[in-house]
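Everything on this sheet refers to the single structure shown next.
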Amino acid sequence: MSMPTPDADEIIIDGWRFKVVGGVVNVQNLATFQRKTVIGDYTRDSNPVLSTWVLTDFSGGHGVQALEEGADAARYRFGVIDARRPRQITCPPLTVSIDSPNTADAFPLGQISRAGSFYAAFGTDIYEWNETTDTFADTADNLALAPVTKPVSFNGSLWIANGTSFDSYDGATVTNHADFAAQAFCLWDRRLFGLATNGQLWQTFDGTTWTSVGVEGKISDGSLMRHLVAFYDRSDFPMPVVITDQDVWAFDPSGPALYRTEVQYPGHRDQGLGSAVWRGELYTSVGMGVFRYNGSTLSAMGLDRDQGLPSEIRGKVVDLLSEYNGMYALVSGAENLTPATEPETFDAVDDEWYVSTSTAVSSLHIYTAYGWHCYWTSEGATGLPSWMAISSVNDTYRLWWGVGATMQTMTLPIDFANARAQIDAGVGSFAESAYLDTGEFDAGLTSYTKIANAILIRAKASSSATITVAYRTSSNAGFTTLGTVSSTGETQLLFGTEADGIIPGMSFKTIEFRFTFTRTPGDVSAAPILESAVFSYLKLIPAYHSYVAKIDLQYPYAGKSQDQMNAKLEELIAADRFFAMQYRDVKYRVRIAQGGGADLVGRGDSRSDRTINLLEIAEGL
């Protein structure tokens, strides 16, 4: 129901007409200027008025879409980036893709010795890497079958499991062994241990004579065998452990026997595919997750934490590999599974073998004990990843991994220098491009409008090594380029288009930044470095008003006595609701915040006036 129009000297409150003394309503805007806040490294902020978001540290890793200010100070949404160290965010190491010489799938095999050659299999054909020419050469040696897990070097040969038998390769001759159907190998106590697909452990001291560990050294719970790695028991004594699709078993040499550890989870085709020992702890993959086991406790720390990976690169971890500076995870994109005539992937639920084909992007990530960072993504769905290996041919230090019919390699620094040290010295090789998406920032005021003023970038950059800054104010929108940094030092980028000689800024509720790093193809060591980004903004509080009116209660008005009008005002002061107030031709949603006035002495049924403060209350936040 619409309210009546008030006369010139009255207001209407909750449908009641009240005469205003003098016909005057005093109006006051109650919006207040908010105190500045600094989120991030406060030492980089100097503005006394504007609030700032200071970005210097992303070492906590990717995986956070909506940032929680303070708690997620060192986290970001996602990027293909080296953000492991504060104040030196830059391109990751350069990845080189090498096509299969025979179009078959690529499998890193490894080195027989540190000084020896690095070998890879393309299908069943063995190739040798030439560090001088950066090419693979066909050895003319062939495996009996394609490998199923990463090989192990022992007694002058690589030992390669194929799921049906196994091969040994000494750099000149391939020897096939039919002692058991091998799934994986590992070294322990000067022996080579082998894990059969049926869960039986085998061992050899010389590579010639293999013996079964015995009935107590066999896993017979129906699980699928994955890996065999050397770890430690609770007394820090080294021992082989078996990784399956649902648990981890430890080998007790005093038995000898296998016993089940605390690492247990429901069986699934995507579980247990990756395993590694890094910094004295055992890591196993569970789909996109990774569990860390120290011999007594189990904790989750995988790529599925928080918001996880972007949907286009989600899949499963297929391999883990430890290295001096971190632990790498190789992720296969989501797959299509079709019934197979040849064994490849077994689904215990459907009791059927499947062939897997990649339908999404694969990726490589590094874990630093603080967080995960993505170093590489495939160019589309290029095939299923195999596993990773590290080589040190001719004093180089390379990371290798196979993806479909390509071998990927990344040169890692031998001296383990940080990225800034490498770039300053003009050494190392960095990707041609990289990016980092910060995640959504709302200054802790999600529903309130802020004014974006500027972002101050401190960087090491040049015309051939640039950083482009873009933003978006809605997670569903595309990024808008704000500007490009192409010189070393500080570069300020302002928000808004100049009008009337000033830059007006830009309103936002949430904002996300994308930093894109680009170097010229000709200089692999000249990557740009982001040292800090200081985003300045002004917090706003929605404008609301206070209306002060002196209500005339000396005489009855609009059919109401003085006492009736006074009682109505008292009722509204105590009311547990909002109500309408109208003067002129505008209606407001209000509460009476304050009231008081004068009574006429000696007249019990009369009032003089009441001064009331009506506070405007906006609908919503």
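For the sequence shown, the numbering used here puts the final residue at 1183, and the numbers step up evenly by one. Built from N, CA and C at the ideal position, the CB exists for glycine as well.
Linking residue 1143 to residue 1029 through their CA atoms gives a straight-line distance of about 54 Å. Short of 6 Å from the beta carbon of residue 826, and not among the five residues preceding or following it, lie these beta carbons of its own chain, in chain order: 809. DSSP, reduced to helix, strand and coil, places residue 700 within a strand of the structure shown.
Contact between residue 1082 and residue 693 is ruled out by a C-beta separation of about 25 Å, above the 8 Å threshold.
Residue 1084 has its alpha-carbon roughly 51 Å from the corresponding atom of residue 799. Annotation for residue 866: 849, 850, 851 place their beta carbon closer than 8 Å to its own, counting only its chain and skipping 5 residues before and after. Counting only residues of its own chain and dropping the five nearest sequence neighbours on each side, residue 948 has a CB closer than 6 Å to the CB of 669, 964. When the alpha-carbon of residue 1088 is set against those of 1039, 1043, 987, the nearest one is in 987.
Taking the C-beta atoms as reference points, residue 1148 is found no nearer than 8 Å to residue 1179.
A contact is defined here as three or more CB-CB pairs under 8 Å, and the region 1103-1119 meets this definition with respect to the region 574-593. Between residue 807 and residue 833, the C-beta spacing is below 8 Å. Judged by DSSP in its simplified three-state form, residue 955 adopts helix.
The straight-line gap separating the alpha-carbon atoms of residue 854 and residue 679 is approximately 33 Å. The criterion of a C-beta distance shorter than 8 Å is satisfied by residue 645 and residue 998. Spatial neighbours of residue 744 in its own chain (CB-CB distance under 6 Å, excluding positions within 5 residues in sequence) are listed in chain order as 723, 728, 756. For residue 809, the enclosing beta strand (DSSP E) stretches over residues 809-814.
Judged by DSSP in its simplified three-state form, residue 1175 adopts strand. Scanning its chain for C-beta atoms nearer than 6 Å, with the 5 sequence neighbours on each side dropped, one finds around residue 647 the residues 980, in chain order.
In this structure the region 1122-1139 does not lie against the region 1014-1032, because fewer than three pairs of beta carbons, one per stretch, are closer than 8 Å.
DSSP, read as helix, strand or coil, puts residue 1125 in helix.
Rounded to whole angstroms, the separation of the alpha carbons of residue 786 and residue 750 is 22 Å.
Around the beta carbon of residue 592, fewer than 16 other beta carbons lie within 10 angstroms, which makes this residue exposed. With distances taken between CA atoms, residue 1103 lies nearest to 1010 out of 976, 1010, 1050. Looking at the DSSP output, residue 573 bridges to 580. Around the Cβ of residue 777, a 10 Å sphere holds fewer than 16 other Cβ atoms; the residue is exposed. When secondary structure is reduced to three states using DSSP, residue 1091 falls in the strand class.
For residue 688, the secondary structure class from DSSP, reduced to helix, strand or coil, is strand.
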